[in-house]
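Engineer:
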Amino acid sequence: MHLVNIDDVEMRYGGPEGTLAVSGLNVKMDRGEFVAVVGPSGCGKSTLMKLTTGLQRPQKGAVVVAGQEVTRPISIVGMAFQNPIMLPWRTTLDNILLPLEIVEKHRRRIRTHRKEYIERAEHLLELVGLKGFGPKYPWQLSGGMQQRANLCRALIHEPELLMLDEPFGALDAFTREELWCVIRDLHAESDVTVMLVTHDLRESAFLADRILVLSARPGRVIADHRVPFERPRDLDLLFDSDFNHLVQDLHAEIARARDAA
Amino acid sequence: MSGARKGPTFIQLAPWIYTAALFLLWEGAVRLFALPVTFLPAPTRIAEAIVQYWGPIWTNSLQTLYTTLLGFVLAMVGGLAIGLLIGWSRSIYAGLYPLMIGFNAIPKVAVVPILIIWFGIGSIPAIITAFLISFFPIVVNVATGLATIEPETEDILRALGAKKMDIMIKVGIPRSMPYFFASLKVAITLAFVGSVLSETVGSNTGLGNMMAAAQSRFNVPLVFAGLVMLAIEGIVMYAIMAWVERRMTGWAHRSSM
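If you're matching them up, the sequences are chains B and X in order.
For the first sequence, the numbering used here begins at 74 and goes up steadily by one.
For the second sequence, the numbering used here begins at 743 and goes up steadily by one.
1. Going along chain X, which residues have a C-beta under 8 Å from M268(B)?
2. Is V970(X) close to chain B? Criterion is C-beta to C-beta, closer than 8 Å.
3. Can you confirm whether R988(X), when its beta carbon is compared against all beta carbons of chain B, has any partner nearer than 8 Å?
4. Who are the near neighbours of M999(X) in its chain, counting only those whose CB is closer than 6 Å to its CB and skipping five residues on each side?
5. Might you give, ordered along the chain, the residues of its own chain that have their beta carbon closer than 7 Å to the beta carbon of H260(B), omitting 5 neighbours on each side?
6. Would a C-beta distance cut-off of 8 Å place T871(X) and G936(X) closer than the cut-off?
7. Does the beta-carbon distance from A1001(X) to G829(X) come in below 8 Å?
8. What does DSSP give as the partner residue(s) for K123(B) in the beta ladder?
9. In the DSSP assignment, the beta strand (DSSP E) including R283(B) goes from what residue to what residue?
10. G745(X): buried (16+ other C-beta within 10 angstroms of its C-beta) or exposed?
11. Please return the same chain residues whose Cβ sits closer than 7 Å to the Cβ of V851(X), not counting the five positions on each side in sequence.
12. Verify the CB distance criterion: does W162(B) have a CB-CB separation below 8 Å to chain X?
13. Is there at least one Cβ from chain B nearer than 8 Å to K906(X)'s Cβ?
14. Using a beta-carbon distance cut-off of less than 7 Å, what residues from the segment 907-941 of chain X approach chain B?
15. In terms of alpha-carbon separation, which member of I977(X), M818(X), L782(X), F966(X) lies closest to P879(X)?
16. Starting from F775(X), trace the alpha helix (DSSP H) in both directions and tell me its first and last residue.
17. Report yes if the CB atom of S314(B) is closer than 8 Å to the CB atom of G112(B), and no otherwise.
18. Assuming E769(X) contacts A784(X) under a Cβ cut-off of 8 Å, what Cβ separation, rounded to an integer in Å, is found between them?
19. Between the segment 185-218 of chain B and chain X, which residues of the former have a C-beta closer than 7 Å to a C-beta of the latter?
20. Does the separation of the CB atoms of P214(B) and F206(B) fall below 8 Å?
21. Which residues share a DSSP beta bridge with L93(B)?
22. Name the chain X residues whose beta carbon is nearer than 9 Å to that of F241(B)?
23. Does any C-beta atom of chain X lie closer than 8 Å to the C-beta of E231(B)?
24. Could you please tell me which residues of the segment 878-908 of chain X, in chain order, have their CB closer than 8 Å to any CB of chain B?
25. If you measure from the beta carbon of P146(B) to each beta carbon in chain X, is any gap under 8 Å?
26. How many angstroms separate the CA atom of Y921(X) from the CA atom of L932(X)?
27. For Q141(B), write down the residues that DSSP places opposite it in a beta bridge.
28. Counting C-beta neighbours from all protein chains within 10 Å, is the total for V986(X) 16 or more, i.e. buried, or is it exposed?
29. Which stretch, first to last residue, makes up the alpha helix (DSSP H) that contains A784(X)?
30. Just the C-alpha distance for K133(B) and C254(B), rounded to the nearest angstrom, thanks.
31. Between P240(B) and G821(X), what straight-line distance do the alpha-carbon atoms span, to the nearest angstrom?
32. Do we get a CB-CB distance below 8 Å when we pair G745(X) with the residues of chain B?
33. Drop a sphere of 10 angstroms on the beta-carbon of S876(X), count the other beta-carbons inside from all chains shown, and report buried for 16 or more, exposed for fewer.
34. Could you confirm whether any beta carbon from chain B is found closer than 8 Å to the beta carbon of W993(X)?
35. Taking V137(B) as the reference, which of G216(B), I79(B), R104(B), S114(B) has the closest Cα?
36. With DSSP as the reference, label A296(B) as helix, strand or coil.
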């Protein structure tokens, strides 16, 4: 039983004459799996995210998540984008608690059980290395710290599926590697299923169990790599020759996909 | 920057220095060129007029302040409501926006006689004119605040099952507040323009009426006294709005915190 099953999906924006974003798309993800999605730019990676979360409905095919066809937004997902988009009028803690004020299961409880939720948020802050930063406003945090807080917000309602859309694209190399380790540890500690959309091939190879390579638009899966490296992985892996071979193979595949377009 | 600690800095004093310089220049120019008082009275002459006519100036100032503030409050409430409404729905936006632009383009001086026909001479035409003239910038600003919500923010909240109302309350309204409060500074000064305009065209009270009457008697110092009072009221109300803005949406002005 897959947690996510995208079956022969076609998605076109802007009416029958519009752009065909994805076509013949098939993606299956097991519960607890970490799947990275890479591909040339404009290959429909964001469309894949929107289809999986129910923000968009496909014209053809079916998207099934947790045994149910996705016909509207499903609240078992947490999302984080490249832009951390913290709300500047809320403290970091209140930003992290925001999903709980929305999700049906929690919104009735948050007033009465606020303390319990704050404890959960503070636990998350500690996991990502932001202990004690809850009362600070987002603009008092650096870019890397905001992205850590963003991860906390994506995880606060204990989603079964975590969707990350180039979450570290705007960070410097060292901060990015630190956050890879944060994600790695979060994934190891829980049974959350992760879909990571990224341009960074090293990132995908370091973090994922499986890497899907998409073709140029209209996007479909042209390769499905199982990442063989043992967990727990540490940053030394980045200098391993098998690791670099995998990254080179991925790079070559994407270059071919771009040329084919 | 050793001087920064003791007493006010030059920047804090600058408004007073510049204002004093303006009045000094004015006084000097009037004396130097021996301008007749019916052309341009010197500041000292205006001050004399303020003292001399303090009774009527005070009551008329209060009257103008009253109509301005009432019109402004109506514009604030109505502007916020309409702004949220057109930010809420694209079809309401599409329908209402051209109408509002049309109304806004109508010179208010042409509307005042109609208001007087409908409501008679008195405070009501001044209040409505103040409302009409200050309403538009508030609507536009609130709608802009709502229209510029990041799509990613909406995606994240919608993916969690947020309804349109949730997004409005959690993001839209707080986000449009800095725009709203900024527009109040513009709106309050416009409201003065509206009420004085209406008082000048047809009224028997208010600073506008007082200045029109003074002008017809060639009492130019009193006309200028009215202008000075208006300027003072405008600055005070603007300062209050700026203070409210900082109090309510300090998070949007973090660079100066």
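The C-beta atom is built at its ideal place from N, Cα and C for all residues, glycine as well.
Structural biologist: In terms of the structure at hand:
1. Numbered from 1 along the first sequence, position 195 holds the residue referred to as residue 268(B). Near M268(B) there are no residues of chain X at all, since even the closest Cβ is about 13 Å away, more than 8 Å.
2. Here residue 970(X) refers to the residue found at position 228 of the second sequence. For V970(X), the answer is no, since every Cβ of chain B falls outside 8 Å of its Cβ.
3. Position 246 of the second sequence holds residue 988(X). With 8 Å as the cut-off, R988(X) does not count as an interface residue toward chain B.
4. The residue labelled residue 999(X) in the question sits at position 257 within the second sequence. For M999(X), the predicted model reports a pLDDT of 39, less than 50, meaning its position is unreliable and no value from the coordinates is stated.
5. Here residue 260(B) refers to the residue found at position 187 when the first sequence is read from its first residue. F107, V267.
6. Taking the first residue of the second sequence as position 1, residue 871(X) is located at position 129. Taking the first residue of the second sequence as position 1, residue 936(X) is located at position 194. Cβ atoms of T871(X) and G936(X): closer than 8 Å.
7. The structure shown has nothing for residue 1001(X), since chain X only spans 743 to 999.
8. In the first sequence, counting from the first residue as 1, residue 123(B) sits at position 50. K123(B) is not bridged to any residue.
9. For the purposes of this step, residue 283(B) is taken as the residue at position 210 of the first sequence. Element bounds for R283(B): 283-287.
10. Taking the first residue of the second sequence as 1, we reach residue 745(X) at position 3. Unreliable positioning characterises G745(X) in this predicted model, as indicated by a pLDDT of 45, which lies under 50. A coordinate reading is not provided.
11. Reading the second sequence from its first residue, position 109 is the one you call residue 851(X). The answer, listed in chain order, is L939, V943.
12. Within the first sequence, the letter at position 89 stands for residue 162(B). W162(B) counts as touching chain X.
13. By one-based count along the second sequence, residue 906(X) stands at place 164. So no, K906(X) is outside the interface.
14. D908, K912, V913, P916
15. Within the second sequence, the letter at position 137 stands for residue 879(X). Comparing Cα-Cα distances from P879(X) to each of I977(X), M818(X), L782(X), F966(X), the minimum goes to M818(X).
16. In the second sequence, counting from the first residue as 1, residue 775(X) sits at position 33. Segment: none, F775(X) is in no alpha helix (DSSP H) and carries neither H nor E.
17. In the first sequence, counting from the first residue as 1, residue 314(B) sits at position 241. In the first sequence, counting from the first residue as 1, residue 112(B) sits at position 39. No, they are not a contact pair.
18. Along the second sequence, one-based indexing puts residue 769(X) at 27. Along the second sequence, one-based indexing puts residue 784(X) at 42. Contact between E769(X) and A784(X) holds, with the beta-carbon distance rounding to 5 Å and staying under 8 Å.
19. Y210, W212
20. Locating residue 214(B) in the first sequence gives position 141, counting from the first residue. Locating residue 206(B) in the first sequence gives position 133, counting from the first residue. Checking the displayed sequence, the identity of residue 214(B) turns out to be Leu instead of Pro. It is a contact, given that the beta carbons lie within the stated cut-off.
21. Translated into the one-based positions of the first sequence, residue 93(B) becomes position 20. R85(B), per the DSSP bridge assignment.
22. Counting from 1 along the first sequence, the entry for residue 241(B) is found at position 168. Per Cβ cutoff of 9 Å: no residues; F241(B) is ~15 Å from chain X at best.
23. By 1-based counting over the first sequence, the position of residue 231(B) is 158. With 8 Å as the cut-off, E231(B) does not count as an interface residue toward chain X.
24. E892, E894, T895, D897, I898, L899, R900, A901, L902, G903, A904, D908
25. In the first sequence, counting from the first residue as 1, residue 146(B) sits at position 73. Chain X, which has a Cβ nearer than 8 Å to the Cβ of P146(B), makes this yes.
26. The residue given as residue 921(X) occupies position 179 in the second sequence. The residue given as residue 932(X) occupies position 190 in the second sequence. The alpha-carbon atoms of Y921(X) and L932(X) are separated by roughly 17 Å.
27. Looking up residue 141(B) in the first sequence gives position 68. Looking at the DSSP assignment, Q141(B) forms a beta bridge with V138(B).
28. Translated into the one-based positions of the second sequence, residue 986(X) becomes position 244. Exposed, since its Cβ has fewer than 16 Cβ neighbours within 10 Å.
29. In the second sequence, residue 784(X) corresponds to position 42, counting from 1. Taken as a continuous stretch (DSSP letters only), A784(X) belongs to no alpha helix (DSSP H), as it is neither H nor E.
30. Mapped onto the first sequence, residue 133(B) falls at position 60. Mapped onto the first sequence, residue 254(B) falls at position 181. The straight-line gap from Cα to Cα measures roughly 38 Å.
31. For the purposes of this step, residue 240(B) is taken as the residue at position 167 of the first sequence. For the purposes of this step, residue 821(X) is taken as the residue at position 79 of the second sequence. Approximately 39 Å, taken between the alpha carbons.
32. Against the second sequence, residue 745(X) aligns to sequence position 3. Below a pLDDT of 50, predicted positions are generally treated as unreliable, and G745(X), at 45, falls in that range; the measurement from the model is reported next regardless. Cβ-Cβ to chain B under 8 Å: no for G745(X).
33. Position 134 of the second sequence, counted from the start, is the residue given in the question as residue 876(X). Buried, by the Cβ-count rule.
34. Position 251 of the second sequence, counted from the first residue, corresponds to residue 993(X). Closer than 8 Å: yes.
35. Mapped onto the first sequence, residue 137(B) falls at position 64. Per the C-alpha coordinates, the member of G216(B), I79(B), R104(B), S114(B) positioned closest to V137(B) is I79(B).
36. Stepping through the first sequence from its first residue, residue 296(B) is reached at position 223. A296(B) falls in the strand class under three-state DSSP.
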